[in-house]
Amino acid sequence: MKTPPVVLKTLAAALAALVIAPVAHAQQQSPKGVNAKKFKVAVVDIGYIFKNHEGFKAQMESMKGEVSAIEKQLEQKRQKIVAMEETKQKQYTPGSQEYSKMDDDIAKAK
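Under our numbering, the sequence shown is numbered contiguously, ending at residue 186.
Structure below.
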């Protein structure tokens, strides 16, 4: 089964957050620029960028919308399967051909 791109994007964002959080914490422990001249290194506040970058925020909102739409679709499919199972139990007798066909249809839907 192929993983939907939305799931991959969400996982990538979560992974980025997990990597960035310790870095941001470590940056808060020492005064700004204390070793900048010594090591000739610049520090970039990635958390600030993610929090304030309009393009990134727009992409996150877009992904949230996509995830919400997929969740709605999955809930509709789940409700359909539940309805099929109820119909099978109420309308058909176990062991009948119709009962077996409904079992097959439910299995395919799942």
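All C-beta atoms, glycine included, are put in the ideal place defined by N, C-alpha and C.
Can you list, in chain order, the residues of its chain with a C-beta nearer than 8 Å to that of residue 164? Leave out the 5 residues immediately preceding and following it. Apart from the 5 residues on each side of it in sequence, residue 164 sits with its Cβ closer than 8 Å to the Cβ of 175, 178, 179 and 182 in its chain, given in chain order.
Among the residues of its own chain, which have a CB less than 8 Å from the CB of residue 168, if the five just before and after it don't count? The residues are 174, 175 and 178.
If we ignore side chains and look at the alpha-carbon of each, how far apart do residue 140 and residue 171 end up? Going from the Cα of residue 140 to the Cα of residue 171 covers about 45 Å.
Kindly give me the distance between the Cβ atoms of residue 82 and residue 162, rounded to whole angstroms, as I take these residues to be in contact under 8 Å. In this structure, residue 82 and residue 162 do not form a Cβ contact; the two beta carbons are roughly 31 Å apart against a cut-off of 8 Å.
Chain-order list of residues whose beta-carbon lies under 8 Å from that of residue 136 (same chain, five-residue window excluded): Closer than 8 Å at Cβ, skipping near neighbours: 89.
Assuming contact is defined by CB atoms lying nearer than 7 Å, are residue 146 and residue 185 in contact in what I supplied? No, these two residues do not count as a Cβ contact at 7 Å.
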